[in-house]
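Trainee:
Residue numbers (the numbering used here): 28 to 270.
1. Can you tell which of 120, 88, 62, 159 has its C-alpha closest to the C-alpha of residue 207?
2. Could you name the residues of the same chain whose beta carbon sits closer than 8 Å to that of residue 99, not counting the 5 residues immediately before and after it, in chain order?
3. Report the residue from 145, 104, 64 whose alpha carbon sits nearest the alpha carbon of residue 53.
4. Let me check understanding here. Comparing Cα to Cα, which of 143, 112, 148 lies closest to residue 131?
5. In angstroms with no decimal places, state the Cα-to-Cα distance between residue 126 and residue 94.
6. Does residue 28 come out as helix, strand or coil in the three-state DSSP assignment?
7. In angstroms with no decimal places, state the Cα-to-Cα distance between residue 129 and residue 159.
8. Given a threshold of 16 other Cβ atoms within 10 Å of its Cβ, counted over all protein chains shown, does residue 30 qualify as buried or as exposed?
9. Determine the burial state of residue 167: buried for a count of at least 16 other Cβ atoms within 10 Å of its Cβ, exposed for fewer.
10. Are there three or more Cβ pairs, one per stretch, closer than 8 Å when the segment 238 to 255 is compared with the segment 188 to 205?
11. Determine the DSSP secondary structure at residue 226, reduced to helix, strand or coil.
12. Let's test the definition: count the other Cβ atoms within 10 Å of the Cβ of residue 81 and tell me whether it reaches 16, buried, or not, exposed.
13. Using CA coordinates, which residue listed in 228, 230, 201 is at the minimum distance from residue 262?
14. Assign residue 258 to buried or exposed, taking buried as 16 or more other Cβ atoms, counted over all protein chains shown, within 10 Å of its Cβ.
15. Between which two residues does the alpha helix (DSSP H) holding residue 259 run?
16. Alpha carbon to alpha carbon, how far is residue 153 from residue 215? Give it in angstroms, no decimals.
17. On the DSSP letters alone, give me the boundaries of the alpha helix (DSSP H) that residue 206 sits inside.
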């Protein structure tokens, strides 16, 4: 599915590395392929979502300041972030996920088992980084854990469709409706978006500022979100049967 695991500069983190760059590239690629097999085929959650989030987290890392010391995210951590992105919704529709407080914690368990069973040589520090990153995608307000750069980056990568162009945003929003709230009326969905988008805008602004992302980039994304909200509120009901 992926020709090359992104940014495999493992030589930049000698404290974490005990194998060659080629070893980790192959190991991570295999893990990504296995993660993809654990995704359901739902309107929103499917292997394409996994790929989108992997790409989005790489794009977000490029926005981080490169003149800070220590770096917000090292090249090795960028590879780990992509691996976390691959696993963040694995097993989303599995019955076994119901035994966990959140589906993200089930995904973490699947990832850790894959790392162990396939003898991917990562330190406890690396695995804790992966764990924190995936926990950043938990959406339940009372359970969210988003205090670290890796958690913030993966969360906003998971939500990246929201700051994309209108067609991408609408495709994601509609897929979310059809999967999570198929019986929700258009008017209720408009209200849902009207309530959620301002909260997300504030979260994005605060998180991006804490990561050192440029203010013009933040403004561009906030303007996009505001435009999407206005367009949704003016949009005619696309689902007459759910009125």
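Where is the CB? At the ideal position from N, CA and C, for every residue including glycine.
Mentor: Short version:
1. Position 180 of the chain shown, counted from the start, is the residue given in the question as residue 207. Checking every option, the nearest Cα to that of residue 207 belongs to 120.
2. By 1-based counting over the chain shown, the position of residue 99 is 72. Closer than 8 Å at Cβ, skipping near neighbours: 91, 92, 176, 238, 239.
3. Locating residue 53 in the chain shown gives position 26, where the first residue counts as 1. The shortest C-alpha separation from residue 53 is found at 145.
4. By 1-based counting over the chain shown, the position of residue 131 is 104. The shortest C-alpha separation from residue 131 is found at 112.
5. Along the chain shown, one-based indexing puts residue 126 at 99. Along the chain shown, one-based indexing puts residue 94 at 67. Roughly 44 Å separates the two Cα atoms.
6. Here residue 28 refers to the residue found at position 1 when the chain shown is read from its first residue. Model confidence at residue 28 stands at a pLDDT of 33, short of 50, so the residue's coordinates are unreliable and nothing is read from them.
7. Mapped onto the chain shown, residue 129 falls at position 102. Mapped onto the chain shown, residue 159 falls at position 132. Cα to Cα, residue 129 sits roughly 14 Å from residue 159.
8. Translated into the one-based positions of the chain shown, residue 30 becomes position 3. With a pLDDT of only 42 at residue 30, under the threshold of 50, the placement of this residue in the model should not be trusted; the figure read from the coordinates follows. Residue 30 comes out exposed.
9. Taking the chain shown and counting its residues from 1, the one referred to as residue 167 is at position 140. That one is exposed.
10. yes
11. If you number the chain shown from 1, residue 226 lands on position 199. Reduced to three states, the DSSP call for residue 226 is helix.
12. The residue you call residue 81 lines up with position 54 of the chain shown. It is buried - the Cβ of residue 81 has at least 16 other Cβ atoms within 10 Å.
13. Position 235 of the chain shown holds residue 262. Closest by alpha carbon: 201.
14. Position 231 of the chain shown, counted from the start, is the residue given in the question as residue 258. Label assigned to residue 258: exposed.
15. Position 232 of the chain shown, counting from 1, holds the residue named residue 259. That run of the alpha helix (DSSP H) goes 242 to 261.
16. Stepping through the chain shown from its first residue, residue 215 is reached at position 188. Stepping through the chain shown from its first residue, residue 153 is reached at position 126. Taking the straight line from one Cα to the other gives about 42 Å.
17. As a working mapping, residue 206 is identified with position 179 in the chain shown. Run containing residue 206: 193 to 207, per the alpha helix (DSSP H) assignment.
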